[in-house]
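Asks:
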Amino acid sequence: MTAPGQPNDAPTPTATGDAEDPRPDMTAVGAQMGDVEQRIRGILRDHARLQGDAFTLEDDANLFDAGMSSHATVSVLIALEETFAVEFPDAMLTRSVFESVANLRAAIAALGVSP
Amino acid sequence: VTAVGARRLPERESAPAEALWLGTGARAAFAILHRTASVPEHAALICPPFGWGEACAYRDLRRWAQALARAGVACARLWPPGVGDAGGVPDGDQLGQWTAAIADAAEWLRGATGAERIVAVGVGLGGMLACQAAQDGAAIDDFILWGVPSRGRTLLRYERLHAGVVTAVSAEPIAVDLDEGGLQLAGYHLRPEAASTLRRLELHPDAMPARPGRRVLLLGRDGLDPDAYLHERFLSTEAEVTVVEGEDWSDLIGPPQQSVAPAGTIARTIEWIQAGERSSSTPRPVARTAAPRRLHAGPSTLVDAAGTVRERVLRFSGELADCFAIMSEPASRPAHPLTAVWLSPHHVGPSRMWVELTRRWAARGVRTVRLDLTGQGESGGASPRPLPDRFLYAAQRSEYLPHVLDQLAEQGCGPRFIVGGYCAGAYWALRAAIEDPRVCAAMLLNLYVFSYTDELLDERLSAAALEDLGARGWQRLRARRLSPAQVRRGLRTLRVAHRAVGRPQERQLKRESARILDLLGERGVQTLLVLCQGESLLAQLDAQGPLDRWPHLTVDRLPTYDHYMFQVKVQALVHASVDRALERALETN
Numbered sequence: 096m097t098a099p100g101q102p103n104d105a106p107t108p109t110a111t112g113d114a115e116d117p118r119p120d121m122t123a124v125g126a127q128m129g130d131v132e133q134r135i136r137g138i139l140r141d142h143a144r145l146q147g148d149a150f151t152l153e154d155d156a157n158l159f160d161a162g163m164s165s166h167a168t169v170s171v172l173i174a175l176e177e178t179f180a181v182e183f184p185d186a187m188l189t190r191s192v193f194e195s196v197a198n199l200r201a202a203i204a205a206l207g208v209s210p
Numbered sequence: 139v140t141a142v143g144a145r146r147l148p149e150r151e152s153a154p155a156e157a158l159w160l161g162t163g164a165r166a167a168f169a170i171l172h173r174t175a176s177v178p179e180h181a182a183l184i185c186p187p188f189g190w191g192e193a194c195a196y197r198d199l200r201r202w203a204q205a206l207a208r209a210g211v212a213c214a215r216l217w218p219p220g221v222g223d224a225g226g227v228p229d230g231d232q233l234g235q236w237t238a239a240i241a242d243a244a245e246w247l248r249g250a251t252g253a254e255r256i257v258a259v260g261v262g263l264g265g266m267l268a269c270q271a272a273q274d275g276a277a278i279d280d281f282i283l284w285g286v287p288s289r290g291r292t293l294l295r296y297e298r299l300h301a302g303v304v305t306a307v308s309a310e311p312i313a314v315d316l317d318e319g320g321l322q323l324a325g326y327h328l329r330p331e332a333a334s335t336l337r338r339l340e341l342h343p344d345a346m347p348a349r350p351g352r353r354v355l356l357l358g359r360d361g362l363d364p365d366a367y368l369h370e371r372f373l374s375t376e377a378e379v380t381v382v383e384g385e386d387w388s389d390l391i392g393p394p395q396q397s398v399a400p401a402g403t404i405a406r407t408i409e410w411i412q413a414g415e416r417s418s419s420t421p422r423p424v425a426r427t428a429a430p431r432r433l434h435a436g437p438s439t440l441v442d443a444a445g446t447v448r449e450r451v452l453r454f455s456g457e458l459a460d461c462f463a464i465m466s467e468p469a470s471r472p473a474h475p476l477t478a479v480w481l482s483p484h485h486v487g488p489s490r491m492w493v494e495l496t497r498r499w500a501a502r503g504v505r506t507v508r509l510d511l512t513g514q515g516e517s518g519g520a521s522p523r524p525l526p527d528r529f530l531y532a533a534q535r536s537e538y539l540p541h542v543l544d545q546l547a548e549q550g551c552g553p554r555f556i557v558g559g560y561c562a563g564a565y566w567a568l569r570a571a572i573e574d575p576r577v578c579a580a581m582l583l584n585l586y587v588f589s590y591t592d593e594l595l596d597e598r599l600s601a602a603a604l605e606d607l608g609a610r611g612w613q614r615l616r617a618r619r620l621s622p623a624q625v626r627r628g629l630r631t632l633r634v635a636h637r638a639v640g641r642p643q644e645r646q647l648k649r650e651s652a653r654i655l656d657l658l659g660e661r662g663v664q665t666l667l668v669l670c671q672g673e674s675l676l677a678q679l680d681a682q683g684p685l686d687r688w689p690h691l692t693v694d695r696l697p698t699y700d701h702y703m704f705q706v707k708v709q710a711l712v713h714a715s716v717d718r719a720l721e722r723a724l725e726t727n
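Chains A and B are the protein sequences, given in the same order. The first sequence begins at 96 in the numbering used here and counts up one residue at a time. The second sequence begins at 139 in the numbering used here and counts up one residue at a time.
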């Protein structure tokens, strides 16, 4: 059902899709989340269906560019919530929150998970 | 044949499927029944997921049903009221209606097939409602549940995230929340009452009335375990519970052109059902049992509360025998001599736009047919996965719609026709308008091009890839974020792009487009183009110069870049645009 040449589920560089940017303040998160980050990357490896290695992906690399589909995003959400025993509020159920390892790490921190 | 890993699923059907409505009027559900050669021990009732997920999984749930029937398990796919081709509109207590429809369908399926046991195959919301129906007393013996949470609130959160990700590819943000508590989920409108009921829905399998020998198969999704509460509560009953991984969830639920039949899970479900059969005794002869008296089941019915529109499943012959189409026609007034035909990759459309369109036009007095392209939706024919664009525009499709018009004329429709469609359907509607003198109006939504060639597609893909490479590629290369394979692909693109310098196909297309518009004008074909921003044809039209030299042409531009028309407000604009075009066609014919 796509127009020829148009990807089915691909991001556009200019699109965010979020009326407001709900991403937590990155500066408050800090960079010392080694264990959390490892677990996030493990979840991405197992559930995001990325084309590359989740453990060598740049922190701010776009996960959708790397192959994560809309349905895989839901699998990642489920795995994150089970692993960290948190619940993402509706305001965080957006594309931008799931766009990169950095954003996911920030979101997990904002939900009260300590490094 | 579609290959998925080591497994293969044949395209062919064991027996023709029967499409029919269960009940009549606004409460009529719609079902497609796949019978078996002999009376089955089990019959499966497939309850699909909601909204975009259902559209994505449509073709592959069909394959699942075919595979079950070939394996001796009769199968029906169900669309409850207000969904798909079912009667009614989505309003009021949608969830209550859907749950009741599942209960009725389970009873009907047992009677129609003679099966001893009914197994509900529920995906997402469909699985939740099948469980709820059983809790309310529906005669469902066994369950296969895939991607089914125990709480409606959880499902809504998943749908919200999914919709947010899918619709974010639109250049315009699409709010998930609608006024008064309703939700628009990737183009599908969940009315406030339904959203509220779903938010409160909680399943308690241990509260289901017991059925002897109940078996339950819980499927995880892509490495994630099934819902823990459902698992635990089913275990607390006397049911035999089996849990398997369901590693091909993404195959089923991917975008329509990318989704593939989840062959591993299909095979596993067949094995699981067969393992529950009493014995592999000699098949019994077919003895069709009458459906329960209170539920009318047939290939024709009224589909609205007022009784103004009747629908029937059309039968075609010859090379169109596999073609799936539904006719909406006025039930309480004479039909207009114009007949409309709407062609799309899937005859239902997002938020069942094409169902609403055909019924609205039928209420206006115009018999209107909605049909699927060959190999798409419910139509037979090969359907490779992933589905290449070239397949949708293959030249052998050019005779498809004219043949449909021939057979409709033989059935007393016409003599003049309006043709319309979306995306590839719009293209074949245009070709019919060009070549068939019976066509007096064409309505074309997100038409890709006036004249398709593979060379043009290559040229456009190369240009787009080059542009993308220019925008992002060098940055990624410098940051070492490109893999060797990506670099190789980039170089290959550059070579093709080099050959396409000067865009010779586009230049030729400009002349051909003008010729086609001249021809349609000479023939008096009222032509409507409805185009989203960013569609290739918009740029091409801008390059054609002033369009007023074609007074028969109307161009409506939609305020969105979203090809799928996911926004409810955009869908309303489309409905208004095609309705105006219908009035113009009726005035001049």
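No residue lacks a Cβ here, since even glycine has one placed at the ideal position from N, Cα and C. Please read these numbers as outputs of a predicted model, since none were measured by experiment.
Listing by chain order, which chain B residues have their CB less than 7 angstroms from the CB of I173 of chain A?
Replies: In chain order: L362.
Asks: Is the beta carbon of T189 of chain A less than 8 angstroms from the beta carbon of G302 of chain B?
Replies: Contact: yes.
Asks: Would V169 of chain A count as contacting chain B if we go by Cβ distances under 8 angstroms?
Replies: It does: the Cβ of V169 of chain A has a partner Cβ on chain B nearer than 8 angstroms.
Asks: Taking V706 of chain B as part of the alpha helix (DSSP H), name the residues at either end of that continuous run.
Replies: Run containing V706 of chain B: 706-726, per the alpha helix (DSSP H) assignment.
Asks: Are the C-beta of V124 of chain A and some C-beta of chain B separated by less than 8 angstroms?
Replies: Bear in mind that the predicted position of V124 of chain A carries a pLDDT of just 41, short of 50, making it unreliable; the figure below should be weighed with that in mind. No, V124 of chain A does not count as interfacial toward chain B.
Asks: Can you pull the chain B neighbours of D185 of chain A, defined as C-beta to C-beta under 8 angstroms?
Replies: Per Cβ cutoff of 8 angstroms: R295, R298.
Asks: Have a look at the DSSP bridge pairing and note the partners of I92 of chain B.
Replies: Since the first residue shown for chain B is 139 and the last is 727, residue 92 of chain B is missing from the structure and cannot be characterised.
Asks: The alpha helix (DSSP H) spanning G147 of chain A covers which residue range?
Replies: From DSSP, G147 of chain A is part of no alpha helix (DSSP H); its letter is neither H nor E.
Asks: Compare the beta carbon distance of G414 of chain B and R349 of chain B with 8 angstroms and say whether it is the shorter of the two.
Replies: Not a contact, by the Cβ cut-off of 8 angstroms.
Asks: Less than 7 angstroms between C-beta atoms, sequence neighbours within five positions excluded: which residues of the same chain meet that for F529 of chain B?
Replies: Excluding positions up to five away in sequence, the list reads P522.
Asks: Quick one: what does DSSP say F688 of chain B is sitting in, helix, strand or coil?
Replies: Reading off the sequence shown, one finds Trp at residue 688 of chain B, where the question assumed Phe. Coil, per DSSP.
Asks: Suppose the cutoff is 7 angstroms on Cβ atoms and the five residues either side in sequence are ignored; what does the same chain contact list for D592 of chain B look like?
Replies: Counting only Cβ-Cβ distances below 7 angstroms, and skipping sequence neighbours, we find R528.
Asks: Around the C-beta of V625 of chain B, are 16 or more other C-beta atoms found within 10 angstroms, so that it is buried, or is it exposed?
Replies: Its Cβ having fewer than 16 others within 10 Å, V625 of chain B is exposed.
Asks: With burial defined as no fewer than 16 other Cβ atoms inside 10 Å of the residue's Cβ, what is the status of H342 of chain B: buried or exposed?
Replies: Counting Cβ neighbours within 10 Å, H342 of chain B comes out exposed, since fewer than 16 surround it.
Asks: In or out: L629 of chain B buried (at least 16 other Cβ within 10 Å) or exposed?
Replies: Counting Cβ neighbours within 10 Å, L629 of chain B comes out exposed, since fewer than 16 surround it.
Asks: Taking C-alpha atoms, which residue in B:S374, B:L481, B:G513 lies nearest to W492 of chain B?
Replies: Of the candidates B:S374, B:L481, B:G513, the one whose C-alpha sits nearest the C-alpha of W492 of chain B is B:L481.
Asks: Would DSSP call A571 of chain B helix, strand or coil?
Replies: Looking at A571 of chain B - three-state DSSP - the assignment turns out to be helix.
Asks: In chain A, which residues lie less than 9 angstroms from S388 of chain B when you measure between Cβ atoms?
Replies: Chain A residues near S388 of chain B: R144, S164, H166, A167, S170.
Asks: What's the gap between the Cα of D510 of chain B and the Cα of A459 of chain B?
Replies: Approximately 13 angstroms between the Cα atoms of the pair.
Asks: Specify, as a first and last residue, the run of the beta strand (DSSP E) that T305 of chain B falls within.
Replies: No beta strand (DSSP E) contains T305 of chain B, which is instead part of the alpha helix (DSSP H) from 290-305.
Asks: In three-state DSSP terms, what is G265 of chain B?
Replies: Three-state DSSP puts G265 of chain B in a helix.
Asks: Interface residues of chain A around G265 of chain B at Cβ under 7 angstroms?
Replies: Chain A residues near G265 of chain B: none, gap ~15 angstroms exceeds 7 angstroms.
Asks: What is the rounded straight-line gap between the Cα of A444 of chain B and the Cα of A224 of chain B?
Replies: Going by the C-alpha atoms only, they are around 15 angstroms apart.
Asks: Go to G191 of chain B, then tell me how far its alpha helix (DSSP H) extends in each direction, as first and last residue.
Replies: Element bounds for G191 of chain B: 190-208.
Asks: List the endpoints of the continuous alpha helix (DSSP H) containing Q545 of chain B.
Replies: Run containing Q545 of chain B: 538-548, per the alpha helix (DSSP H) assignment.
Asks: From the DSSP output, read off the bridge partner residues of R338 of chain B.
Replies: Answer is none; R338 of chain B lacks a bridge partner.
Asks: Nearest to G262 of chain B by alpha carbon, out of B:T251, B:Q322, B:E192?
Replies: Selected option, being the one with the closest Cα: B:E192.
Asks: Quick check on the burial criterion: 16 or more other C-beta atoms within 10 angstroms. Buried or exposed for S374 of chain B?
Replies: Flag for S374 of chain B reads exposed.
Asks: Please go through the same chain and pick out, in chain order, the residues whose beta-carbon is closer than 6 angstroms to the beta-carbon of A500 of chain B, but skip the five residues on each side of it.
Replies: Correct list, in chain order: V447, S466, E467, P468, T506.
Asks: For R718 of chain B, count neighbouring C-beta atoms within 10 Å of its own C-beta (all shown protein chains included) and say buried if the count is 16 or more, exposed if not.
Replies: Exposed, since its Cβ has fewer than 16 Cβ neighbours within 10 Å.
Asks: For a contact defined as C-beta to C-beta under 7 angstroms, what are the partners of R359 of chain B on chain A?
Replies: Chain A residues near R359 of chain B: S170.
Asks: Indicate the three-state DSSP secondary structure (helix, strand or coil) for R627 of chain B in the structure shown.
Replies: It is helical.
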